[in-house]
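Chains E and G are the protein sequences, given in the same order. Numbered continuously in the working numbering, the first sequence closes out at residue 251. Numbered continuously in the working numbering, the second sequence closes out at residue 299. Built from N, CA and C at the ideal position, the CB exists for glycine as well. A quick note: this is a predicted structure, and the numbers were derived from the prediction, not measured. Scroll down for the structure; my scribbles are underneath it.
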Amino acid sequence: MRSIYISLVSEFYKSRKTLAFWAAILLPVVICSLVSFGFYSGADKILKLNAPGMMLWIKYAGATLNVMGILVMPFYVMFMAFSVNNIEHKNDTWKSLFAQPLNKFSIYTAKYLFAVTLIFICLFLFATLTYGFGHLLQVLVPKYTFSQYNPSNFLINSYSKLFLSSLGILSLQFIFSLIWGDFLKPIGIGFVGTIMGIVAGMVNWTYAYLIPYSLPALALQITQVKKGKDPLDFEIFAREIWVSLIYAGVLFIAGYFIVTRKSIK
Amino acid sequence: MSNYAIETVGLNFSFGNQTIVKDLSLQVPKGSIYGFLGPNGAGKTTTIKILLNLLKSPADQVFIFGKEINSNRIAALKKIGALVEQPAIYGHLSGKENLINRCLLLRIPKSKVAKMLALVGLTDAGDKKAGKYSLGMKQRLGIALALVSDPELLLLDEPTNGLDPNGIIEIRNLMIELATKHNKTILVSSHLLAEIERTATHVGIINKGQLLFQGTIDELHLLSKPMVEIEVDQIENASAFLVTAGYEIASKTDSKITVPFSSSADSGKLNTLLIQNGFTVSSLSKQRKDLENLFLDITKNN
């Protein structure tokens, strides 16, 4: 555990000046600011809809969530998986990393956990900023009905689902980025996978949930609302989340075996 | 306990069908500076990577301080500091941050960083991005990274590559100091015999993955006999004359004769003899055999 911890500290230390690290913070700040600005400047139009609190929150948070779920999330995860490994490929530092007296499992796990942590930070910020900016909008435009509904559960559930559903993609892309040092192969495969995922999701293919890339989008489709219950109070551990976690677990272990066999030429 | 810091026993290694290291039995005594000599592509870097367990060796062929490397990987790596090929440095971090990162990984107090930067002469450039360093500076930072954990054994792969003459001398002196004052064992690879001769106490010569020679530097000197190269006119007559005078002609070209060197006084006598017999000597110089010729010699002898 100790060597995983120090490897993780080292990952933070060496990445803190890279775009990958800052993207986790900038992405939510930029997207949430843009959406909020849209709601501020276009307040007249939105107010005409006369939406009650819950619907207004759905419209506001959904603007971010839909873009995130379908397109940004898969690409962001691909980019994270790529960046965490690319820092070693680019600097030719695998050899010095694996020549340290640390077990390979710690080095590998720390890298994976670092990517997971960055995705978590990113989504946590999304949820927090959505919540905060929503209330800020209420102050700036008093006619809004944000204050009528508490979106905490909805935001926590949606972003938790988005986080868990992206772990399958992360493990898969992590392996690709581990094997290949270049940008095109892992991102190219990920791109094709994402398009497949979108198409499969759009045509409601029965087995769409087996494609890791379609899981974030599927996770955000709200289904099976029980009568009399809050439609936004949905279950987190739905089928696509389990599929994502199984993918994540199996591919994480497979990735470790690839690392142990990795010869540093 | 083994007397060797590194011992390989009939080590074989191949990439696919291509054999890189063949039946290699290195013996690097503790406290020595072991010059690992060979032309480019001889298998030096591959061997160093095997010693670091970056490339998997067959079981029971590689021993670091008497312990088999595959089953004692972490214990062995704790004792080794290494610089392999181009120094592995994070270009977006400064020299100082590169060292701090290594300290984090090895649980070493960060106070060592300034000392290491001073040791390799990078104090002033410590805050500069390592990606903007010259090759020589990168090499020195690589050496600092290898030394930061105060390892008992240092593996340096062509450490003077890209350094200017001053830098080369500094590294040379550093190696000697580390071995003599701090009792470190150093394996240093090079393709330059002259470079190795000045620092090494022991030498291993590798070519095409095979060890051609291994022994002390004195043993190597016995093999690498110096020669006297004489530039003289009437080359045929001069060489016939020298043979009758009892000299052994090692080689002869259109303008130069080479004979084995015995002493400076003897070279002087040879010069006088030629002049007194009507030959014009335009130059006379002591030559050491270069690596290539030494290889030829050693392969012949083997």
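Exercise. What is the DSSP secondary structure of Pro85/E, reduced to helix, strand or coil?
Worked result: Residue 85/E is actually Ala in this sequence, not Pro. Reduced to three states, the DSSP call for Ala85/E is coil.
For this session: Note down the Cα distance separating His121/E from Phe132/E, rounded to an integer number of angstroms.
Result: 7 Å
Exercise. Just the Cα atoms here: how many angstroms apart are Glu192/G and Ile246/G?
Worked result: 28 Å
Exercise. For Ala2/G versus Glu149/G, is the C-beta distance shorter than 9 Å?
Worked result: yes
Problem set entry | Nonlocal neighbours in the same chain, by C-beta distance under 6 Å from Val229/E, ignoring five residues either side | Tyr195
Exercise. Across which residues does DSSP place Gly212/G in a beta bridge pair?
Worked result: Val200/G
For this session: Grab the span of the beta strand (DSSP E) containing Thr350/G for me, first residue to last.
Result: What is shown of chain G runs -2 to 299, which leaves residue 350/G out entirely.
For this session: Would you decide whether Met(-13)/E is buried or exposed? Buried here means 16 or more other CB atoms lie within 10 Å of its CB.
Result: exposed
Exercise. Mapping DSSP to helix, strand and coil, what is Ser(-4)/E?
Worked result: helix
Exercise. Got a sec: which bits of the segment 68 to 91 of chain G sit with their beta carbon under 7 Å from any beta carbon on chain E, in order along the chain?
Worked result: Ile71, Leu74, Lys75, Ala79, Val81, Gln83, Ala85, Ile86, Tyr87, Gly88, His89, Leu90
Exercise. Is the segment 6 to 19 of chain G touching the segment 178 to 189 of chain G in the sense that three or more CB pairs, one from each, lie closer than 8 Å?
Worked result: no
Problem set entry | Within chain G, partners of Thr95/E - CB distance below 8 Å | Neighbours of Thr95/E on chain G: none; closest Cβ ~14 Å, over 8 Å.
Problem set entry | Rounded separation between Leu103/G and Gln86/E - CA only | 8 Å
Problem set entry | Pair within 9 Å by beta-carbon distance, Ile203/G and Phe33/G | yes
Exercise. Who are the Cβ neighbours of Phe7/E in its own chain at under 6 Å, not counting the five residues just before and after it?
Worked result: Ser1
For this session: Decide if Asp230/G is buried, meaning its Cβ has at least 16 other Cβ atoms within 10 Å, or exposed.
Result: exposed
Exercise. According to DSSP, what are the bridge partners of Phe10/G?
Worked result: Val18/G
For this session: Quick one: list the residues of chain G neighbouring Tyr98/E, beta-carbon separation under 7 Å, in chain order.
Result: Chain G residues near Tyr98/E: none, gap ~17 Å exceeds 7 Å.
For this session: Spatial neighbours of Thr209/E within its chain, please: CB distance less than 6 Å, with the 5 preceding and 5 following residues excluded, ordered by chain position.
Result: Only weak support exists for where Thr209/E lies, its pLDDT of 48 falling under 50; the coordinates are left without a value.
For this session: Look at the alpha carbon of Ala115/G and the alpha carbon of Pro223/G, and state the distance between them as a whole number of angstroms.
Result: 39 Å
For this session: Answer with yes or no whether the minimum CB distance from Val245/E to chain G is below 9 Å.
Result: no
Exercise. Quick one, which residues of the segment 41 to 60 of chain G are near chain E if we go by CB-CB under 8 Å, in chain order?
Worked result: Lys46, Leu49, Asn50, Leu51, Leu52, Lys53
Problem set entry | Within chain E, the residues that Arg104/G reaches when beta carbons sit closer than 8 Å | Ile(-8)
Exercise. Grouping DSSP H, G and I as helix and E and B as strand, with all else coil, what is Pro257/G?
Worked result: strand
For this session: Check whether the Cβ of Val125/E lies closer than 9 Å to any Cβ atom in chain G.
Result: no
Exercise. Name the chain E residues that come within less than 8 Å of Ile98/G, Cβ to Cβ?
Worked result: Just to set this straight, residue 98/G is Asn in the shown sequence, not Ile. Those within 8 Å of Asn98/G in chain E are Ser(-4), Tyr(-1), Lys0.
Exercise. Any idea what DSSP makes of Gln24/G, helix, strand or coil?
Worked result: strand
For this session: Return no unless some Cβ of chain G is closer than 9 Å to the Cβ of Ile165/E.
Result: no
Exercise. Under three-state DSSP, which class holds Asp294/G?
Worked result: helix
Problem set entry | Interface partners of Leu101/G on chain E, CB under 7 Å | Ile(-8), Val(-5), Ser(-4), Tyr(-1)
Problem set entry | Collapsed DSSP secondary structure at Ala242/G in the structure displayed | coil
For this session: Note down the Cα distance separating Lys283/G from Ala39/G, rounded to an integer number of angstroms.
Result: 29 Å
Exercise. Going by DSSP, which residues form a beta bridge with Ile47/G?
Worked result: According to DSSP, which records beta bridges pairwise, Ile47/G is partnered with nothing at all.
Exercise. Does DSSP put Ser91/G in a helix, in a strand, or in coil?
Worked result: strand
For this session: Quick one: using the 10 Å Cβ neighbour count with 16 as the cut-off for buried, is Met188/E buried or exposed?
Result: exposed
For this session: Consult DSSP for Ile183/G and reduce its assignment to one of helix, strand or coil.
Result: strand
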